[in-house]
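Q:
There are 2 protein chains.
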Amino acid sequence: MTEVTGGAVPEVQETGRTAPTRWLDADEREAWLSLMRVMARLPPLLDAQLERSAGLNFFEYTILAMLSEQEDRALRMSRLAALTDASPSRLSHAARHLEARGLLVRENDPHDGRCIRAVLTGPGLEVLVAAAPGHVDAVRDLVLDALDRQQLTGLREANEQILLRVDPGQATRPAWSVATSATSATSATSATR
Amino acid sequence: MTEVTGGAVPEVQETGRTAPTRWLDADEREAWLSLMRVMARLPPLLDAQLERSAGLNFFEYTILAMLSEQEDRALRMSRLAALTDASPSRLSHAARHLEARGLLVRENDPHDGRCIRAVLTGPGLEVLVAAAPGHVDAVRDLVLDALDRQQLTGLREANEQILLRVDPGQATRPAWSVATSATSATSATSATR
DNA sequence: CATATTCAATTGAAGGTTCAAGCAACTAGG
DNA sequence: CCTAGTTGCTTGAACCTTCAATTGAATATG
Chain A
1 MTEVTGGAVP
11 EVQETGRTAP
21 TRWLDADERE
31 AWLSLMRVMA
41 RLPPLLDAQL
51 ERSAGLNFFE
61 YTILAMLSEQ
71 EDRALRMSRL
81 AALTDASPSR
91 LSHAARHLEA
101 RGLLVRENDP
111 HDGRCIRAVL
121 TGPGLEVLVA
131 AAPGHVDAVR
141 DLVLDALDRQ
151 QLTGLREANE
161 QILLRVDPGQ
171 ATRPAWSVAT
181 SATSATSATS
191 ATR
Chain B
1001 MTEVTGGAVP
1011 EVQETGRTAP
1021 TRWLDADERE
1031 AWLSLMRVMA
1041 RLPPLLDAQL
1051 ERSAGLNFFE
1061 YTILAMLSEQ
1071 EDRALRMSRL
1081 AALTDASPSR
1091 LSHAARHLEA
1101 RGLLVRENDP
1111 HDGRCIRAVL
1121 TGPGLEVLVA
1131 AAPGHVDAVR
1141 DLVLDALDRQ
1151 QLTGLREANE
1161 QILLRVDPGQ
1171 ATRPAWSVAT
1181 SATSATSATS
1191 ATR
């Protein structure tokens, strides 16, 4: 069988070059394992909650939330794809579904014939507003309320370091400031102030 | 449009009950957003690296890694599903693919006619061993080497708190101890000590 | 011992994501 | 201009995951 992560093992790399390959020590393994398990278990739970209570999956919810945060409730598809961490193709398929349900419409951009603006409809906003509280509660129950302020900061700091590697361009971050969180978006609800 | 996360908004819950719904403050939003983005971007990158270099996806790699950590290179399907955070169905489909490629075999468990033991084959171990270094390098590049020891601990602590909520039974944790990380497993390679 | 229930695993269909073209509309070079 | 190349988006096929239904084996109940 195997003792794990101990000795260095020269091995062929992806590129074909040889390298030492540093295996993981105990701390690194525990940290990596915990992240793997969160990544595996959390998204299905959020999906399920939204699916049950609003007939949306997490990705569809995020799309509507992003649109609701815009002043004109609209975004170009390419920008929307970046904000939702989705490929153009994935967004295009999802937008077709949402459009078929009347939750958004797509229209040509007058400034650039190539671009298409996705616009949140009234019914789309209604569905989002109805789904938001349950979703926020789920995020609280599963994530935020499990952490004290220090742990919250620790989580954020680590994840932001990781994002520097994983998403070097930081393409997905909204330019203006911060207001990207899919959850927050939803408060499109009431607080118009 | 919307100012976000500010005011409390009475709203109907999933269960139909009324509740205040505490929106997210700035720190919570930033933390949650960073986690969402890591969950969205990291898995595809690991998948792509493994797919290119070994013709495996992350899930298939994890299956082989889990098996390689066992003394007899075998696990019952249900146990394997728990260890890999997968549904029985998902594992069954994946096992069929891996078996078709000769990387594992499934045989009846003599102790319980209902159970099936998945066993890693020689070629399966070879594929895993060939894939391991590149995968570990990717995990280092994208995650571990982005963090100092304190951040690593912070990440782990927060994720373990989250897992207490997300996976109350802790069903997926290997009983014996720690050696679950998919990455570590791979060192089945050399270190037999 | 017959029957009902639970458990382990599989199956096929439905739904979502990725991948590799492909099609317009814009832009730059000659 | 006009041609070549780039950009924004869509499409269909292949792939993977989920969901509901099913089989067979073990266990519990009367």
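Keeping their order, the protein sequence lines are chains A and B.
FYI, in the numbering used here the residues of the first sequence are 1 to 193.
FYI, in the numbering used here the residues of the second sequence are 1001 to 1193.
For every residue, glycine included, the Cβ atom is placed at its ideal position computed from N, Cα and C.
Predicted, not measured: the structure shown is a model, and the values here were computed from it.
1. Around the C-beta of Pro20/A, are 16 or more other C-beta atoms found within 10 angstroms, so that it is buried, or is it exposed?
2. Which residues of chain B have a Cβ atom closer than 8 Å to the Cβ of Asp167/A, listed in chain order?
3. Tell me where the alpha helix (DSSP H) around Leu120/A begins and ends.
4. Hey, is the stretch 1079-1099 of chain B in contact with the stretch 1138-1151 of chain B, meaning 3+ C-beta pairs nearer than 8 Å?
5. For Ala146/A versus Arg1165/B, is the C-beta spacing smaller than 8 Å?
6. Specify whether the stretch 36-53 of chain A and the stretch 1148-1164 of chain B touch according to this definition: at least 3 beta carbon pairs, one from each stretch, less than 8 Å apart.
7. In whole angstroms, what is the alpha-carbon distance linking Pro168/A and Leu83/A?
8. Tell me the rounded alpha-carbon separation between Thr1180/B and Leu1128/B.
9. Taking only the alpha-carbon atoms, compute the straight-line gap between Arg117/A and Arg79/A and give it to the nearest angstrom.
10. Under 7 Å between beta-carbons, which chain A residues line up against Thr1021/B? List them in chain order, please.
11. Please name the residue in Pro110/A, Leu163/A, Leu125/A and Leu144/A whose C-alpha comes closest to that of Glu1028/B.
12. If you reduce the DSSP assignment to three classes, tell me which class Arg1107/B lands in.
13. For Leu133/A, count neighbouring C-beta atoms within 10 Å of its own C-beta (all shown protein chains included) and say buried if the count is 16 or more, exposed if not.
14. Can you pull the chain B neighbours of Ala118/A, defined as C-beta to C-beta under 8 Å?
15. Among Met1077/B, Ala1100/B, Leu1033/B and Ala1086/B, which has the Cα closest to the Cα of Asp1109/B?
16. Can you tell me which of the three DSSP states Leu50/A falls into?
17. How is Ala200/A classed by DSSP in three states: helix, strand or coil?
18. Determine the contact status of Leu1064/B and Leu1103/B, defining contact as a CB-CB distance below 8 Å.
19. Compute the distance between the beta-carbons of Leu1067/B and Leu1024/B, then report whether it is under 8 Å.
20. Compare the C-beta of Ala1212/B against all C-beta atoms of chain A and say whether one is closer than 8 Å.
21. At what residues does the alpha helix (DSSP H) containing Thr153/A begin and finish?
22. Assign Asp85/A to buried or exposed, taking buried as 16 or more other Cβ atoms, counted over all protein chains shown, within 10 Å of its Cβ.
23. Could you give the distance in angstroms between the alpha-carbon of Ala131/A and the alpha-carbon of Arg101/A?
24. For the stretch 138-155 of chain A, which residues have a CB atom closer than 9 Å to at least one CB atom of chain B, in sequence order?
25. Under 8 Å between C-beta atoms, does Ala31/A make it to chain B?
26. With distance defined between alpha-carbon atoms, name the residue in Arg22/A, Ala31/A and Ala26/A nearest to Leu155/A.
27. So Asp27/A contacts chain B; which residues on that side make the cut at Cβ distance below 9 Å?
28. So, is the C-beta of Leu56/A closer than 8 Å to a C-beta in chain B?
29. I'd like the span of the alpha helix (DSSP H) that includes Ala1095/B, first residue to last.
30. Between Leu42/A and Asp1112/B, what straight-line distance do the alpha-carbon atoms span, to the nearest angstrom?
31. What do you get for Ser53/A, buried or exposed, if any count of 16 or more other CB atoms within 10 angstroms of its CB means buried?
32. On the three-state DSSP scale, how would you describe Leu56/A?
33. Tell me whether Trp1023/B sits in a helix, a strand or coil according to DSSP, three-state version.
34. What separation, rounded to the nearest whole angstrom, lies between the Cα atoms of Thr1153/B and Thr153/A?
A: By the coordinates alone:
1. Exposed, because fewer than 16 other Cβ atoms sit within 10 Å of the Cβ of Pro20/A.
2. Among the residues of chain B, those whose CB is under 8 Å from the CB of Asp167/A are Arg1037 and Arg1041, following chain order.
3. For Leu120/A, there is no enclosing alpha helix (DSSP H); the residue is found in the beta strand (DSSP E) stretching over Ile116 to Leu120.
4. No, because fewer than three Cβ pairs between the stretch 1079-1099 of chain B and the stretch 1138-1151 of chain B fall closer than 8 Å, the two stretches do not touch.
5. Against a cut-off of 8 Å, the Cβ pair of Arg1165/B and Ala146/A comes out as a contact.
6. A contact exists between the stretch 36-53 of chain A and the stretch 1148-1164 of chain B.
7. The C-alpha of Pro168/A lies about 15 Å from the C-alpha of Leu83/A.
8. Residue placement at Thr1180/B is poorly supported in this model, since its pLDDT is 35, which falls under 50; the coordinates still yield a value, given next. Cα to Cα, the separation comes out at about 15 Å.
9. When rounded, the distance between both Cα atoms is 10 Å.
10. Listed along chain A are Pro133, Val136 and Asp137, each with a C-beta nearer than 7 Å to that of Thr1021/B.
11. Of the listed residues, the one whose Cα sits closest to Glu1028/B is Leu144/A.
12. Reading the sequence as shown, one finds Glu at residue 1107/B and not Arg. Shown here, Glu1107/B sits in a strand according to DSSP, grouped into three states.
13. Reading off the sequence shown, one finds Pro at residue 133/A, where the question assumed Leu. Buried: at least 16 other Cβ atoms inside 10 Å.
14. Annotation: Ala118/A has no Cβ neighbours in chain B at a cutoff of 8 Å; minimum Cβ distance is about 15 Å.
15. Closest option to Asp1109/B, Cα to Cα, is Met1077/B.
16. Leu50/A falls in the helix class under three-state DSSP.
17. Summary: the structure shown does not reach residue 200/A, with chain A confined to residues 1 through 193, and so no result is reported for it.
18. Their beta carbons are under 8 Å apart, which means Leu1064/B touches Leu1103/B by this criterion.
19. Contact flag unset, no.
20. Here chain B comprises residues numbered 1001 to 1193, so residue 1212/B is not present and cannot be evaluated.
21. That run of the alpha helix (DSSP H) goes Arg149 to Val166.
22. Residue environment analysis places Asp85/A among the buried positions, since at least 16 neighbouring C-beta atoms fall within 10 angstroms of its C-beta.
23. Approximately 16 Å between the Cα atoms of the pair.
24. Those would be Ala138, Val139, Arg140, Asp141, Leu142, Val143, Leu144, Asp145, Ala146, Leu147, Asp148, Arg149, Gln150, Gln151, Leu152, Thr153, Gly154 and Leu155, in chain order.
25. Closer than 8 Å: yes.
26. The candidate whose alpha carbon is nearest that of Leu155/A is Ala31/A.
27. Per Cβ cutoff of 9 Å: Arg1149, Leu1152, Thr1153 and Arg1156.
28. It does not: the Cβ of Leu56/A has no partner Cβ on chain B nearer than 8 Å.
29. Following the DSSP letters along the chain, one finds Ala1095/B inside the alpha helix (DSSP H) bounded by residues Pro1088 to Ala1100.
30. Looking at the backbone, the Cα of Leu42/A and that of Asp1112/B are separated by about 33 Å.
31. The residue is buried, with at least 16 neighbouring Cβ atoms inside 10 Å.
32. In this structure, Leu56/A counts as coil in the three-state DSSP scheme.
33. If DSSP states are grouped into helix, strand and coil, Trp1023/B belongs with coil.
34. Using only the alpha carbons, I get a separation of about 12 Å.
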